[in-house]
Amino acid sequence: MSNEKFGTVGCAALDQDGNLAAGTSTGGMTNKKYGRIGDSPIIGAGTYANNKTCAISATGHGEYFIRGVVAYDISALMEYQGISLEQAAKRVIQKKLTDMGGTGGIIGIDNKGNMVMEFNTPGMFRASKTMKGETLIKMYED
Ligand code: ASP
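Numbering-wise (the numbering used here), the sequence shown opens with residue 669 and increments by one.
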């Protein structure tokens, strides 16, 4: 599992009017069965945005993200428990997804502009940019 590579490109954004949006594009899993649909196009699983909470785009072993309704779960934790995006993302990726045996991660932004990039794999190619132009590009853990 540790050297699995995912070809997904995802984005999560907050605009100046407070609108959140997320998008995810993927070729799916290597050697996937013909006709398989992963989590990427399933709203709530691999992609989700809600102006009340956050925008999330996921990459990883899609079946687990579908089963865990991962992107929505992060939003729901924020909405119902009032916890931060960072806390919610950590709980879902590092605890729930990991306990299920799923690998992958998410990028996310909340309605205040706080960003998270949480994953349980050795690396996840990722980048972010703020309104001020502050840019971050990373591949592996910090
Ligand atoms: N999540 C995608 C899928 O399961 C794979 C990926 O992240 O590249 O189809």
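Built from N, CA and C at the ideal position, the CB exists for glycine as well.
The beta carbon of residue 704 sits closer than 8 Å to at least one heavy atom of the ligand ASP.
Under the DSSP definition of a beta bridge, residue 787 partners with 773. With contacts defined by Cβ atoms closer than 9 Å, residue 777 and residue 713 do not form a contacting pair. With fewer than 16 other Cβ atoms inside 10 Å of its own Cβ, residue 808 counts as exposed. Comparing alpha-carbon positions, the option among 729, 795, 685, 784 lying closest to residue 756 turns out to be 784. By the Cβ neighbour-count rule, residue 795 is exposed, with fewer than 16 other Cβ atoms within 10 Å of its own. Counting the other CB atoms within 10 Å of its CB gives residue 767 a total below 16, which places it among the exposed residues. For residue 736, the secondary structure class from DSSP, reduced to helix, strand or coil, is coil. Excluding the 5 residues flanking it on each side, residue 710 has same chain C-beta neighbours closer than 7 Å at 734, in chain order.
Residue 758: not part of any beta strand (DSSP E); member of the alpha helix (DSSP H) spanning 753–758, first to last residue.
Annotation for residue 804: the continuous beta strand (DSSP E) segment containing it runs 803–808.
Secondary structure of residue 798 (DSSP, three-state): coil. Taking the Cβ of residue 736 as the reference point, every heavy atom of the ligand ASP lies at 8 Å or farther away. Distance from the Cα of residue 705 is smallest, within the candidate group 689, 730, 692, for 730. The C-beta separation of residue 773 from residue 727 comes to about 6 Å, placing the pair in contact by the 8 Å criterion.
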